[in-house]
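Undergrad: Under numbering that gives the first Met the number 0, the first residue of the sequence shown is numbered 0, with each subsequent residue one higher. The beta carbon of each residue, even a glycine, is placed where N, CA and C say it ideally should be. Starting off with a structure, shown below.
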Amino acid sequence: MRIRRGRTGVDVLHEATDRWYDTGGADGVPTTVVEFLAGGERVRDAARTAIERAVSDGAPSTERTASTAFEPRSLRCFAGWEKHWNQAAETLVRHNLPAVIPLAKAYRTVTRKTFPPMAPGPEFGRHPVYYTGNHLSIVGDGDPMPWPHYTEKLDFELEFAAVVARPVRDASVAEASAALGGFVVFDDFSARDTQWVEQRQGLFGPVIKTKTFASSMSAEVVTADEILPVLDDLGGTVTVNGEVWSSTSTAGARWSIAEALAYASRGESVGPGEVLSSGTLPSGCGLELDRWIQPGDRVTLSIDRIGSVTNTVAKRA
Numbered sequence: 000m001r002i003r004r005g006r007t008g009v010d011v012l013h014e015a016t017d018r019w020y021d022t023g024g025a026d027g028v029p030t031t032v033v034e035f036l037a038g039g040e041r042v043r044d045a046a047r048t049a050i051e052r053a054v055s056d057g058a059p060s061t062e063r064t065a066s067t068a069f070e071p072r073s074l075r076c077f078a079g080w081e082k083h084w085n086q087a088a089e090t091l092v093r094h095n096l097p098a099v100i101p102l103a104k105a106y107r108t109v110t111r112k113t114f115p116p117m118a119p120g121p122e123f124g125r126h127p128v129y130y131t132g133n134h135l136s137i138v139g140d141g142d143p144m145p146w147p148h149y150t151e152k153l154d155f156e157l158e159f160a161a162v163v164a165r166p167v168r169d170a171s172v173a174e175a176s177a178a179l180g181g182f183v184v185f186d187d188f189s190a191r192d193t194q195w196v197e198q199r200q201g202l203f204g205p206v207i208k209t210k211t212f213a214s215s216m217s218a219e220v221v222t223a224d225e226i227l228p229v230l231d232d233l234g235g236t237v238t239v240n241g242e243v244w245s246s247t248s249t250a251g252a253r254w255s256i257a258e259a260l261a262y263a264s265r266g267e268s269v270g271p272g273e274v275l276s277s278g279t280l281p282s283g284c285g286l287e288l289d290r291w292i293q294p295g296d297r298v299t300l301s302i303d304r305i306g307s308v309t310n311t312v313a314k315r316a
């Protein structure tokens, strides 16, 4: 089921007519997106009854009132695909330390492995890895993509994000999966020249000013029952000014999003409204493609069955 924030409650898409209807005030339907997701099948059934009644009564459909699906309580940003990490690292090194590239290629030729300084590190293979992002700097679908004054290399990252709908602590993978309520498309904006400095010289890696200035997510949420069974085989697309820059897929992630939530809940509580982003799909960012967005560019990131998010790049601050 596809839902979004409405004027008085949760808007639900009526698939047969491709029109949205407000369920605010309907029996058994909560008025917030996170509570709706937490209600599971019971709430979805009540919402279907409400919108079928609205269609039958000839009620007017609704217009979108919010650019974000909801306001997250926290943001944990995971690294999902080793291929993304390796490709991004190679471009960073080629631009900033080109003398290393011949050595990296020779190492790969001999060992058929990634040059260790350009690989994600052994912890990536032992358990999911993440950093805590800035949930207060998320902008919505159609909002400007901010360009902070300290970077010359602004980038996008094609991701999905899962919305936690039920509280968990020390969860098993099955328990974590059951706690996931829905999915959005997520764009993790990145300052790539800042990343090079923070990653090589800072204490905490490229997760401070490289990442926390802003990100964006779609205005619509698709409930987990529709996405979890197919999450490992969804196509993804990056389009800039109407031109397809990249076509990719969700296949091949090292850890599932349920495994990510289970790990996040080790020794701590994770609750409704918290968000886990997937990490960048392979070839899902400009750094991997070595193609760079500019002010005024219209960037659309799409994932099959989940949706899309579009932002126009703002002028440099």
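Compare the beta carbon distance of glycine 8 and aspartate 21 with 8 angstroms and say whether it is the shorter of the two.
TA: Counting from one through the sequence shown, the residue named residue 8 turns up at place 9. Counting from one through the sequence shown, the residue named residue 21 turns up at place 22. Yes, they are a contact pair.
Undergrad: Per DSSP, what kind of secondary structure is histidine 126 in: helix, strand or coil?
TA: The residue labelled residue 126 in the question sits at position 127 within the sequence shown. Looking at histidine 126 - three-state DSSP - the assignment turns out to be coil, as it is neither helix nor strand.
Undergrad: Scan the segment 68 to 93 and note each continuous beta strand (DSSP E) run of 3 residues or more that stays entirely inside, going in chain order.
TA: With a minimum length of 3 residues, the continuous beta strand (DSSP E) runs that stay inside the segment 68 to 93 are 73 to 77.
Undergrad: By Cβ distance below 6 angstroms, which residues in the same chain neighbour threonine 193 in space, the five residues on each side in sequence not counted?
TA: If you number the sequence shown from 1, residue 193 lands on position 194. Cβ within range, chain order: Thr150, Lys208, Thr209.
Undergrad: For glutamine 86, count neighbouring Cβ atoms within 10 angstroms of its own Cβ and tell me buried if that reaches 16, exposed if not.
TA: The residue you call residue 86 lines up with position 87 of the sequence shown. Glutamine 86 is buried by the Cβ-count criterion.
Undergrad: Where DSSP assigns a beta bridge to asparagine 310, which residues make up the other side?
TA: Taking the sequence shown and counting its residues from 1, the one referred to as residue 310 is at position 311. In the DSSP output, where bridge partners are listed per residue, asparagine 310 has Val298.
Undergrad: Take the Cβ of proline 294 as the centre, count every other Cβ of all protein chains shown within 10 Å, and call the residue buried at 16 or more, exposed below.
TA: Residue numbering aside, residue 294 sits at position 295 when the sequence shown is read from its first letter. Proline 294 should be labelled exposed.
Undergrad: If I follow the unbroken beta strand (DSSP E) through isoleucine 2, where does it start and stop?
TA: The sequence position of residue 2 within the sequence shown is 3, counting from 1. Note, isoleucine 2: beta strand (DSSP E), 1 to 4.
Undergrad: Can you name the start and end residues of the alpha helix (DSSP H) that glutamate 219 belongs to?
TA: Here residue 219 refers to the residue found at position 220 when the sequence shown is read from its first residue. First-last for glutamate 219: 219 to 222, but that is the beta strand (DSSP E), not the alpha helix (DSSP H).
Undergrad: Helix, strand or coil: which one does DSSP assign to phenylalanine 185?
TA: Taking the first residue of the sequence shown as position 1, residue 185 is located at position 186. Of the three classes helix, strand and coil, the one that applies to phenylalanine 185 here is strand, per DSSP.
Undergrad: Which residue wins for smallest C-alpha separation from glycine 306, given the options Val99, Gly235, Leu280, Thr131?
TA: As a position in the sequence shown, residue 306 is number 307, starting the count at 1. Looking at the Cα atoms, Gly235 is the closest of the given residues.
Undergrad: Alpha helix (DSSP H) containing valine 54: first to last residue?
TA: Along the sequence shown, read from residue 1 onward, the residue named residue 54 stands at position 55. Per DSSP, valine 54 is one residue of the alpha helix (DSSP H) stretching across 39 to 55.
Undergrad: Output the boundary residues of the alpha helix (DSSP H) element that contains serine 176.
TA: Numbered from its first residue, the sequence shown carries residue 176 at position 177. Per DSSP, the unbroken alpha helix (DSSP H) holding serine 176 starts and ends at 172 to 178.
Undergrad: Can you tell me whether leucine 102 is buried or exposed? The criterion is at least 16 other CB atoms within 10 Å of its CB, across all chains shown.
TA: Position 103 of the sequence shown, counting from 1, holds the residue named residue 102. Counting Cβ neighbours within 10 Å, leucine 102 comes out exposed, since fewer than 16 surround it.
Undergrad: Among residues of its own chain, excluding the 5 on either side of tryptophan 291, which ones have a beta-carbon nearer than 6 angstroms to its beta-carbon?
TA: As a working note, residue 291 is residue 292 in the sequence shown. Here tryptophan 291 has Gly285 as same chain residues with Cβ atoms under 6 angstroms from its own Cβ, once five neighbours each way along the sequence are excluded.
Undergrad: Along the chain, where does the alpha helix (DSSP H) that runs through threonine 247 open and close?
TA: Position 248 of the sequence shown, counted from the start, is the residue given in the question as residue 247. Element bounds for threonine 247: not the alpha helix (DSSP H) but the beta strand (DSSP E), 242 to 248.
Undergrad: How long is the line joining the alpha carbons of isoleucine 137 and alanine 213, rounded to whole angstroms?
TA: Here the question's residue 137 lines up with position 138 in the sequence shown. Here the question's residue 213 lines up with position 214 in the sequence shown. In a straight line, the C-alpha of isoleucine 137 is about 6 angstroms away from that of alanine 213.
Undergrad: Between which two residues does the beta strand (DSSP E) containing tyrosine 262 stretch?
TA: Indexing the sequence shown from 1 puts residue 262 at position 263. Not the beta strand (DSSP E): tyrosine 262 falls in the alpha helix (DSSP H), residues 256 to 263.
Undergrad: Could you spell out the range, first to last residue, of the alpha helix (DSSP H) harbouring proline 101?
TA: By one-based count along the sequence shown, residue 101 stands at place 102. Unbroken alpha helix (DSSP H) run through proline 101: 100 to 110.
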